[in-house]
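Quick notes on the structure that follows.
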Amino acid sequence: MWKLNVPEKKCISTPRKSSIISVISNLHTFYCKKHNNFDLEKGKKDTPRIIVYPVVGKENFTFQELKVIVYNFTSDTCVSTEYESFYSESLVYILDPLIVYEINAHSYKPDCVDADSKYVLNNVWVSPVKKDIVQKTVDSKFMENVEQQRIKLQFAILKIWNESDFSEMQHLYQRNNNIDGYQIVVRNETAVMELCKDVEANDIVRSKKIGNTCFSKIPVIVGNKTMFSTDGINLDYESDIVECPVVFNDAPVYTYKQLLYLAEVSTIVILFLLCVVFLLSYKIIKLNNLKCKSQSIQEIES
Numbered sequence: 017m018w019k020l021n022v023p024e025k026k027c028i029s030t031p032r033k034s035s036i037i038s039v040i041s042n043l044h045t046f047y048c049k050k051h052n053n054f055d056l057e058k059g060k061k062d063t064p065r066i067i068v069y070p071v072v073g074k075e076n077f078t079f080q081e082l083k084v085i086v087y088n089f090t091s092d093t094c095v096s097t098e099y100e101s102f103y104s105e106s107l108v109y110i111l112d113p114l115i116v117y118e119i120n121a122h123s124y125k126p127d128c129v130d131a132d133s134k135y136v137l138n139n140v141w142v143s144p145v146k147k148d149i150v151q152k153t154v155d156s157k158f159m160e161n162v163e164q165q166r167i168k169l170q171f172a173i174l175k176i177w178n179e180s181d182f183s184e185m186q187h188l189y190q191r192n193n194n195i196d197g198y199q200i201v202v203r204n205e206t207a208v209m210e211l212c213k214d215v216e217a218n219d220i221v222r223s224k225k226i227g228n229t230c231f232s233k234i235p236v237i238v239g240n241k242t243m244f245s246t247d248g249i250n251l252d253y254e255s256d257i258v259e260c261p262v263v264f265n266d267a268p269v270y271t272y273k274q275l276l277y278l279a280e281v282s283t284i285v286i287l288f289l290l291c292v293v294f295l296l297s298y299k300i301i302k303l304n305n306l307k308c309k310s311q312s313i314q315e316i317e318s
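Take the sequence shown: its letters are residues 17 to 318, numbered as in our numbering.
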């Protein structure tokens, strides 16, 4: 029997200041099932059989420069880059490097995201740069080739079913395929994607500190529960407790270990400076002695 321990997990749908998602229902059966002879306990390395159902047709695109805005949930900041792309109402194909995005309905935008940007999942927004765009129709053959490449990337991670931690595999799948709002679970030897929905969050504590306790992940307060996130997409029930940094007013923030290291470095620098001062003093004294001797000899000779 093929068994995997699937962690209980929830997720934040987007990097918003007050939104978290929770799992509500099965969405659909995923595109793969394992071979009948796959047996994890016997250590076989059979790759799950992939069943692909591509739906590709003609669609109107514009060829234009596109700004891709990546939102950092931890710092609440954005970084943008411009690319040449085929752009439609539902799909974005960036040409170099080849990246495929699907436009998704989304209402909230962080302050650093342009107002006319469209959300494409995984903390990424896109926004056309030029208004003088070129209308193009990309035929289905081109789209099918691109889709096949994308599908290969999507399902490459499934080859490590029996070689990797399942939660890590899920994280890689979401990251590589720009998917949020879902989680993958295994039921009856079939991988299933579960749908998530938005729920309200009371607060996002980016300082990672509640009271006198500091956490490795960012605390997210949902009702009377404290949950945690690192990317604004996945929400966990637990986080490691870490050592709190030491804060001196507006001074840089250091942990206790960092302060000890700085103290050691400062001590070494001070000792070095003392040695330099000592050597300079010694040379000055020696030069003065030589001058005194020279003057004494001159006086004797005269």
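Ideal placement from N, C-alpha and C gives every residue a C-beta, glycine not left out. In this text, all values refer to a predicted model and were calculated from it rather than measured experimentally.
Just how far apart, CA to CA, sit residue i and residue j?
i	j	result
LEU107	VAL136	9 Å
THR283	CYS230	30 Å
VAL217	PHE288	Looking at the sequence provided, one finds Ala at residue 217 rather than Val. The straight-line gap from Cα to Cα measures roughly 54 Å.
SER223	LYS241	18 Å
ILE226	VAL258	12 Å
TYR277	SER232	21 Å
TYR69	LYS134	For TYR69, the predicted structure reports a pLDDT of 33, less than 50, and the residue's modelled location is therefore unreliable. The matter cannot be settled from this model.
PHE294	CYS260	41 Å
ALA279	VAL262	14 Å
TYR298	VAL281	26 Å
TYR253	PRO235	10 Å
PRO126	GLN164	33 Å
ILE300	ILE286	21 Å
LEU251	LEU290	54 Å
ALA131	GLU105	17 Å
TYR124	ASN228	32 Å
PHE79	ASN120	20 Å
SER303	LEU296	In the sequence as presented, Ser is not what sits at residue 303; that position holds Leu. Distance between the alpha carbons of LEU303 and LEU296 is about 11 Å.
HIS51	TYR109	Interpretation of HIS51 is limited by its pLDDT of 29, a score under 50 that renders its predicted location unreliable; the figure taken from the coordinates is listed afterwards. Rounded to the nearest angstrom, the two C-alpha atoms are 33 Å apart.
THR90	VAL292	45 Å
ASN138	GLN274	33 Å
VAL238	SER96	30 Å
GLU210	PHE77	31 Å
ILE249	VAL142	18 Å
CYS212	ASP256	25 Å
ASP92	HIS122	18 Å
List the whole-angstrom C-beta distance separating residue i from residue j, where the pair is believed to meet the contact cut-off of C-beta under 8 Å.
i	j	result
VAL140	ILE85	7 Å
CYS94	TYR87	5 Å
GLU100	LEU111	5 Å
VAL145	LEU82	6 Å
In the DSSP output, which residue or residues are listed as bridge partners for residue i?
i	result
CYS128	Answer by DSSP bridge pairing: none, since CYS128 is not bridged.
PRO144	LEU82
ILE220	VAL236
ASN139	According to DSSP, which records beta bridges pairwise, ASN139 is partnered with nothing at all.
THR97	VAL84
GLU118	LEU107
ASN304	According to DSSP, ASN304 bridges with nothing at all.
PHE102	PHE79 and TYR109
(request) Examine the Cβ distances between the region 243 to 252 and the region 109 to 116 and report whether three or more of them are shorter than 8 Å. (result) no
(message) Quick check for students: name the residue ranges of the alpha helix (DSSP H) that lie wholly in the region 227 to 301, counting only runs of 4 or more.
(response) none
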